[in-house]
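Those sequence lines, one after another, are chains A and B. So the first sequence is numbered by the numbering used here: it starts at 109 and just counts up by one. So the second sequence is numbered by the numbering used here: it starts at 783 and just counts up by one.
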Amino acid sequence: MKAEWQLAWRRFAVMLMKELKQLGRDRVLLAFIVYAFTADIFLAASGVSLSLNHAATLVQDLDRSPQSRELLSRFQQPYFRIDGTVGQDAAALAALDQGRAMLVLSVPPQFGRDLANGQPTSLAMQVDTTNSVLGFLATSHAQQIVSQYGLESAMQRLGMGEAATRNLPQVQNDIRVWYNPNQEDSWFMGISEMLNIATVFAVLLPAAAMVREKERGTVEQLIVSPLSPFGILLPKVVSMTGVILCGVALSLFLVLIPVFVIPVKGSLLLFFALSGLYVFTTAGLGLFAATIARNLAQAGMLSILILAPMLFLSGAWTPPEAMPGWLRGLMFASPLHYYLDIAFGILLKGQGLADLQSAILGMGGIGVLVFGAGLLLFRRQFD
Amino acid sequence: MSDTIIKASGFGKQYGGQFAVQGLDLEVHRGELYGLIGPDGAGKSSLMKAVAGVLSYEQGQLEVFGQLLDSERHAEAIKGRIGLMPQGLGQNLYGDLSIEENVDFFARLRLVPREEAAARKEQLLAITRLAAFRHRPMKQLSGGMKQKLGLVCTLIHAPQLIILDEPTTGVDPVSRRDFWAILATLIAGQGLTALVSTAYMDEASRFTRMSLLHQGSKLAEGSPAQILQRVPGCIVQCRVQPQLSAMQRLVARWPQCEAMGPEIRLFMPEPDQPAARQQVVDVLQGLECQQLDVLDAELEDVFVAMLGGKQTGTTAPDTMAAPAAPGSASQELAIEAKGLVKRFGDFVAVGDVSFQVRQGEIFGLLGANGAGKTTAIKMLTGILPPSSGSGRVAGADMKQAGALIKSRIGYMSQAFSLYLDLSVVENIRLYAGIYGLDRKARDVRLQWILDMAGLHGHENDLAAALPMGLRQRLALGCALVHQPRVLFLDEPTSGVDPLGRRAFWDILFRLSRQDGVAMLVTTHYMSEAEHCDHLALMFAGRVVADASPQQMKQQVLAEAGQLYRVYADNAAALVSPLQAAGFANVSPYGSALHVLTPDVERLQQVLRGLGVERPPQARPIAMEDVFVQRVSQLEAQSHATGSVA
């Protein structure tokens, strides 16, 4: 019995070393992995932002009164950037059509006089909502500015100064921002990009390693050897899991923590342990791709096909509560969804094992199913 | 010779600083079937692509149809008159299109007028006998049919020069012979010139003239007869007991010496045949000589002699590990297949296959693509469970002890299954680990493999950097790392040059005779089948012949008669009249024909009627003739009974 184990261990060790050596000699793939875990995450964290920033705004002031100037001057950086004025409606539309402006504010003539006379008046705002999120944000910011101005000018007309505003029976909304006090987009974007990249490689690397053997014909040699299908797969998945964990460490310690000052609130050990479990089990999807694909190109395309819904249904972009019912159901089948909860929970919220119990169970359960199915499929192709 | 079609002077092609071809001079004349012969990497493809105007070159000059190919524009000017068929089965064709659609596509691509294209299509499909399958998608065709379709598509715009890059590689012998016959007919009938490359040495005699390329330069040029005269000599083939000691004596004197099953075949640079016989008899003094024949040398022998036959005997050590029953095969069974059947759904891939391989025997499994060889091997190596039947391999039962079999056998596949990004030593250590060798045993075997394969000095080279011959021997070493008693070799010599192939067979011979390793080999090279002690021929999933190579040859001699070579100026044009006169087995070989017939007088008579006065010469029958004869017979039978479509 002991000899059996020794033999199995020896086989596992040589196969593991072989995988690592092969990966080490594939300079292109190696460079790609390093790029993805460092530069790509840096770009995602610093470049992608979901807030309104410097929205190009044009104004069409047909009134030219102190009131209109006062209102327009409130559209300020960082949200809005006044790029200039337009004279005619057609020019305003053209600027929107050509994408030179995202927002056009039109103040009608007699705006100031109406206000001064106590007449209700209005203001036209045209918004380019091609990007629905930004359009929505621009609208709501602008609305806030306009209503604040409207409130103030109404008070003024009633003869009440600024001090009086405070005495009105207003409801104040006191916000407490937890976990990300400065509401840095870079934290969210950086971490979720890191998790996405880990997922992509968790599927792609084992698939590539397996398909390469198929293409070269070396898998035939392995099958006639005393190695079992599991004995062929396990070293691949373990070595690729190791490589991906190194990549995650790279992005945490070289990019996210030093550059974007992400606080690691929880246990890093727990984070890496659960990441390992996640990557290992997700490799099952890669095995699935490798079983069907005949060459590297096919494996790559299949991986993209598998990954796209996984990433979109992960909850990184939309929380499950906001999704239609049937999609929400699907979401609970995506292991990435649980992994996101776990990673954000440990890194930003400082959650421990007890808090993450249900997420870990979900991820582990689905992972075991996925890996088991991948293994079964992989074995079947040789029967 | 009339006008020159291709003229290369000092031609050279470089890839990343390394010359693939260098300083090559060559002339091809109108109406020639010109051969480029050489192993992978000899520079054949580079030259052919340059002639077709699709590859630029660095050195010398290349003229095609008198047009100097020195620019894109000049190359464009001759492309209309050239047809190129690239290497690889059906590589230039579209798998999802039918035969007819493929032909039509190429006709339109070449802007052939509609009516002309239709007429030529019918003619070419008739010559290639593809007309009956015109609606079948290309991907469902056999290798031989794909190549015929490739030829039709290459010819549809009526080129004056066709360039065919290894058109017969990977095609079974019967289809190969068919392909050559069609090519000869077309060249004779349509005034074509053809530049054709091949890696099969035994096809060399089919060319009118040829160049032998080796590592980017030309070793020899001329007609088959001219090349044979370059190294005058003869072949001595003998059967001596004990074979191993006879072999040792003969190799010491004539290095170009190889074992063919129980026989020994050697090339001697001595054109006087009786003198050659005497020399061999003298050397074999004291051994039991059962049979001794002196024959004419073949082109391959001359090529090997020119390549430097000195190094044929590799550095294989005389004492190999685990010496078992020396001498001839023992009675112990290494492989025993009893009524093996494998069905995939309704399709019977292997139906009722039985054979036996003894310890120390080299057993050859022959058959066309799809005959069931690979499936049979997969069952015997424990990869595929049989649908019914039983078998024992290396003393273990196939059905119950698959895992045990796997640990006792060695397997070498066609792809040489090496990790190209690992070094020689790393590859060996990997397989040693997989087979569970401990560090000490591993290091002993590592040394043994390096000795056996002649890999010293290459220990840390990546497998990708090794030449094919060394790569092949490394793969053999890896398959032998755990000292298996049974070795499976699935087309182990594809893509290796003749010298490398000989060295390889030499190692296999020693393994079988000194160590008593049993081997089951499949091969496409019919000349290699002669190295086997015993052969089984598979057809449509069944073993249809099971005998030694000599027995198989004798059987064919008894049934179909002796093989004769007919020399004639218009050899290719004689094929159809001879067939019409009732000679079924006629095959064109350059400026000669091979005819298999029991009635030589009648042949002579018919030939005289056709204006050929030179009497046919009797020739020893080759394994290829046996294979083609047997398989054509079976194909005719199955067509007659309608059991196989």
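Backbone N, C-alpha and C define an ideal beta-carbon position, used for all residues, glycine too.
Would you identify the three-state DSSP class for residue i, choosing helix, strand or coil?
i	result
His856 of chain B	helix
Glu845 of chain B	strand
Val167 of chain A	strand
Thr247 of chain A	helix
Val1268 of chain B	strand
Asp1456 of chain B	Residue 1456 of chain B is absent from the model: chain B starts at 783 and stops at 1427.
Ala1079 of chain B	coil
Gly466 of chain A	Checking the sequence shown, residue 466 of chain A turns out to be Ser, not Gly. If DSSP states are grouped into helix, strand and coil, Ser466 of chain A belongs with the helices.
Asn884 of chain B	helix
Asn1367 of chain B	strand
Tyr797 of chain B	strand
Ala1111 of chain B	Residue confidence is low: Ala1111 of chain B scores 46 on pLDDT, short of 50, so the model does not pin down where it sits. Its coordinate-derived value is still stated next. Coil, per DSSP.
Pro919 of chain B	strand
Ala939 of chain B	Going by the sequence as given, residue 939 of chain B is His instead of Ala. Residue state, collapsed to three classes: coil.
Gln1093 of chain B	Low local confidence applies: a pLDDT of 45 at Gln1093 of chain B is under 50, so the model's placement there is unreliable, with the coordinate-based value given in what follows. The answer is helix: DSSP assigns Gln1093 of chain B an H, G or I state.
Thr326 of chain A	helix
Ala1163 of chain B	Reading off the sequence, residue 1163 of chain B comes out as Thr, not Ala. Reduced to three states, the DSSP call for Thr1163 of chain B is coil.
Cys1260 of chain B	helix
Lys928 of chain B	helix
Arg133 of chain A	helix
Excluding five sequence neighbours on each side, which residues of the same chain lie with their C-beta closer than 6 angstroms to the C-beta of residue i?
i	result
Phe120 of chain A	Pro343
Phe1145 of chain B	Val1139, Leu1302 and His1316
Leu123 of chain A	Correcting the residue type first, residue 123 of chain A is Met in the shown sequence and not Leu. Once the five neighbours on either side are set aside, the close Cβ partners of Met123 of chain A are Pro343.
Ends of the beta strand (DSSP E) at residue i?
i	result
Gly1241 of chain B	Looking at the sequence provided, one finds Glu at residue 1241 of chain B rather than Gly. Counting along the chain, Glu1241 of chain B falls outside any beta strand (DSSP E), and DSSP gives it neither H nor E.
Pro337 of chain A	Looking at the DSSP string, Pro337 of chain A is not in any beta strand (DSSP E); the run it does join, the alpha helix (DSSP H), is Pro337 to Leu358.
Gly1134 of chain B	It should be noted that the sequence gives Asp, not Gly, for residue 1134 of chain B. Start and end: Phe1129 to Arg1140.
Leu213 of chain A	Leu211 to Val215
Who are the Cβ neighbours of residue i in its own chain at under 8 angstroms, not counting the five residues just before and after it?
i	result
Leu850 of chain B	Gln843, Leu844 and His856
Asp1328 of chain B	Phe1137, His1316, Leu1317, Ala1318 and Leu1319
Val1065 of chain B	Arg1031, Leu1032 and Arg1035
Ile1017 of chain B	Arg1047, Leu1048, Phe1049, Met1050, Val1076, Leu1077, Asp1078, Ala1079, Glu1080 and Asp1083
Ile299 of chain A	Leu364, Ile370, Ala451, Phe452, Leu455 and Leu456
Just to confirm, are residue i and residue j a CB contact at a threshold of 8 angstroms?
i	j	result
Phe1049 of chain B	Gly1090 of chain B	no
Gly394 of chain A	Ala310 of chain A	yes
Arg1401 of chain B	Ala1374 of chain B	no
Ala1079 of chain B	Leu1001 of chain B	no
Gly932 of chain B	Val953 of chain B	no
Leu1252 of chain B	His1238 of chain B	no
Arg890 of chain B	Ala940 of chain B	no
Glu1070 of chain B	Gln1019 of chain B	no
Pro1370 of chain B	Ala1350 of chain B	no
For residue i, which residues from the same chain have a beta carbon less than 7 angstroms from its beta carbon, with the 5 sequence-adjacent residues on both sides left out?
i	result
Gly1184 of chain B	Gly1164
Phe847 of chain B	Ile787, Ile860 and Arg863
Leu1290 of chain B	Ile1144 and Met1301
With residue i as the anchor, note down where its alpha helix (DSSP H) starts and where it stops.
i	result
Tyr386 of chain A	Leu376 to Ile400
Gly1146 of chain B	Looking at the DSSP string, Gly1146 of chain B is not in any alpha helix (DSSP H); the run it does join, the beta strand (DSSP E), is Ile1144 to Leu1148.
Val1357 of chain B	Val1357 to Ala1362
Ile964 of chain B	Pro955 to Gln972
Below 7 angstroms, is the gap between the Cβ of residue i and the nearest heavy atom of the ligand ADP?
i	result
Val1063 of chain B	This structure simply doesn't include the ligand ADP, nor any ligand for that matter.
Practice item. Taking 8 angstroms as the threshold, find out whether the stretch 372-388 of chain A comes into contact with the stretch 442-452 of chain A through three or more Cβ pairs. Key: Result yes; three or more Cβ-Cβ pairs closer than 8 angstroms.
Practice item. Answer yes if the stretch 801-817 of chain B comes into contact with the stretch 978-990 of chain B, meaning at least three C-beta pairs across the two stretches below 8 angstroms, and no otherwise. Key: Segments in contact, yes.
Check your understanding: Taking contact to mean at least 3 C-beta pairs separated by less than 8 angstroms, is the stretch 221-232 of chain A in contact with the stretch 166-184 of chain A?
Key -> Yes, they touch.
Exercise for review: Give a yes or no on contact between the stretch 404-421 of chain A and the stretch 280-296 of chain A, applying the rule of three or more CB pairs nearer than 8 angstroms.
Suggested key: Three or more beta-carbon pairs separated by less than 8 angstroms are not found between the stretch 404-421 of chain A and the stretch 280-296 of chain A, which leaves the two stretches without contact.
Review point. If we count Cβ pairs, one from each stretch, closer than 8 angstroms, do we get three or more for the stretch 823-839 of chain B versus the stretch 851-871 of chain B?
Key: Because the criterion of three Cβ pairs below 8 angstroms is met, the stretch 823-839 of chain B and the stretch 851-871 of chain B touch.
Practice item. Please determine if the stretch 892-899 of chain B and the stretch 1116-1131 of chain B are in contact, where contact requires at least 3 C-beta pairs separated by less than 8 angstroms. Key: Between the stretch 892-899 of chain B and the stretch 1116-1131 of chain B there are fewer than three C-beta pairs closer than 8 angstroms, too few to call the two in contact.
Review point. Does the stretch 1203-1215 of chain B come close enough to the stretch 1185-1195 of chain B to have 3 or more Cβ pairs within less than 8 angstroms?
Key: Counting Cβ pairs under 8 angstroms, fewer than three are found: no touch.
Check your understanding: Is the number of C-beta pairs between the stretch 1266-1273 of chain B and the stretch 911-930 of chain B that are closer than 8 angstroms three or more?
Key -> No, they do not touch.
Practice item. Determine contact between the stretch 396-413 of chain A and the stretch 786-804 of chain B, defined as no fewer than three beta-carbon pairs at a distance below 8 angstroms. Key: They do not touch, by the three-pair rule.
Check your understanding: Hey, is the stretch 136-150 of chain A in contact with the stretch 352-364 of chain A, meaning 3+ C-beta pairs nearer than 8 angstroms?
Key -> Touching, yes.
Point to revise | the stretch 461-473 of chain A touching the stretch 792-812 of chain B, judged by at least three CB pairs closer than 8 angstroms | key: The answer is no - the stretch 792-812 of chain B does not touch the stretch 461-473 of chain A, with fewer than three Cβ pairs under 8 angstroms.
Check your understanding: Are the stretch 1223-1238 of chain B and the stretch 1198-1214 of chain B touching, with three or more C-beta to C-beta distances below 8 angstroms?
Key -> Result yes; three or more Cβ-Cβ pairs closer than 8 angstroms.
Check your understanding: For the 8 angstroms Cβ check, are there 3 or more pairs between the stretch 1293-1310 of chain B and the stretch 1153-1162 of chain B?
Key -> Remark: three or more beta-carbon pairs, one from each stretch, lie closer than 8 angstroms, so the stretch 1293-1310 of chain B and the stretch 1153-1162 of chain B are flagged as touching.
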